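Numbering (my numbering), first residue to last: 2 to 231. So the structure is just underneath, and the comments pick up after that.
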Ligand SMILES: C[S@@+](CC[C@H](N)C(=O)[O-])C[C@H]1O[C@@H](n2cnc3c(N)ncnc32)[C@H](O)[C@@H]1O
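Okay, here's the thing in structure tokens:
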């Protein structure tokens, strides 16, 4: 797997309008988590794998004088993010890779990521970069929908045609500790809108029947939190 293959895949998603679909799909869970991340005035936030930058803009606007940078390997996602931003967003975007973040050490107070970090080609290096760019007492809050306890997500890599790391909750915990994070915790976040309703359910490659849809919903999103000792 190469970064070119990943950017080609997500460039195509951006062109097909799927970035806005992700905002709709991920929005409830992300808003639940962002409401619990304390962004204080003037803090600098990082959104890894920002897609069209919708969560980056929420972070940038979450306190007076705060700012946010979204990073994504897909130039077309970044172009879309720029189209959707204006001066009130207090957000900017860069084409870049998780494994070699183009920022100095200790630049950010808060790091966030939704459904992106497991695409890292070198996950250990990506977590080490995430740790490096955080300030002392900075926090990382990383969300993934694909993890071993959510059993119906096992085949997502073949469906997408892109390699993805597939870790259990305890393995994510260890990966964060190994990268240097302290106070690491994991928990599940459940979409408050529910699984939908059975009458209008339509089978898809991700959920071939209603039972699978309900179990995917119940498994929820895995939220991994870590801190850089202050
Ligand atoms: C499933 S999308 C999620 C986008 C956004 N966080 C959201 O929720 O709408 C994953 C994003 O991560 C980006 N990505 C994947 N691997 C990456 C890497 N190694 N470095 C930077 N970005 C990457 C992709 O280009 C894609 O836009």
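Glycine included, every Cβ here is placed at the ideal spot set by N, Cα and C. Values in this document were obtained by computation on a predicted structure and should not be read as measured data.
Assuming the contact rule is C-beta atoms closer than 8 Å, residue i and residue j should be a hit. Round their C-beta distance to whole Å, please.
i, j, result
"residue 75", "residue 158", "Not really, about 18 Å apart at Cβ, beyond 8 Å."
"residue 46", "residue 26", "Wrong, their Cβ atoms sit about 22 Å apart, outside the cutoff."
"residue 102", "residue 134", "5 Å"
"residue 1", "residue 226", "In the structure as shown, the chain starts at 2 and stops at 231, and residue 1 therefore has no counterpart that could be examined."
Between which residues of its own chain and residue i is the CB-CB distance below 6 Å, once the five residues before and five after are set aside?
i, result
"residue 221", "189, 190, 191"
"residue 8", "74, 75"
"residue 10", "163"
Using alpha carbons as the reference points, say which of the options lies closest to residue i.
i, options, result
"residue 140", "41, 100, 102", "41"
"residue 72", "50, 177, 200, 62", "50"
"residue 3", "193, 165, 23, 225", "165"
"residue 218", "43, 196, 177", "196"
"residue 88", "105, 100, 69", "69"
"residue 194", "215, 110, 183, 174", "215"
"residue 178", "131, 10, 35, 98", "131"
"residue 108", "137, 172, 167, 18", "137"
"residue 286", "98, 110, 113, 105", "It is not possible to answer for residue 286, since the shown part of the chain is limited to 2 through 231."
"residue 117", "228, 64, 198, 48", "48"
"residue 36", "104, 156, 113, 161", "113"
"residue 205", "167, 160, 106, 224", "160"
DSSP beta-bridge partners for residue i?
i, result
"residue 94", "71"
"residue 137", "For residue 137, which the question treats as bridged, DSSP gives no partner whatsoever."
"residue 45", "68"
"residue 112", "47, 141"
"residue 227", "141"
"residue 30", "According to DSSP, residue 30 bridges with nothing at all."
"residue 152", "Answer is none; residue 152 lacks a bridge partner."
Please tell me whether residue i has its Cβ less than 8 Å away from any Cβ of chain D.
i, result
"residue 229", "Of the chains in the structure shown, none is chain D; there is only one protein chain."
Excluding the five sequence neighbours on either side, which residues of its own chain have a C-beta within less than 7 Å of the C-beta of residue i, listed in chain order?
i, result
"residue 16", "77"
"residue 129", "180"
"residue 247", "The question about residue 247 has no answer here: the residues shown for the chain are numbered 2 through 231."
For residue i, which residues from the same chain have a beta carbon less than 8 Å from its beta carbon, with the 5 sequence-adjacent residues on both sides left out?
i, result
"residue 53", "15, 20, 21, 23, 24, 78, 81, 82, 85"
"residue 67", "40, 41, 42, 43, 44, 45, 46, 60, 61, 91"
"residue 169", "148, 149, 150"
"residue 230", "137, 138, 183"
"residue 106", "133, 134"
(message) Does the contact criterion of 3 or more C-beta pairs under 8 Å hold for the segment 140 to 147 versus the segment 21 to 38?
(response) yes
(request) Kindly confirm or deny that the segment 195 to 210 and the segment 116 to 129 touch, where touching means at least three C-beta pairs closer than 8 Å. (result) no
(message) Below 8 Å, how does it come out for the segment 91 to 109 and the segment 50 to 66: are there three or more Cβ pairs, yes or no?
(response) yes
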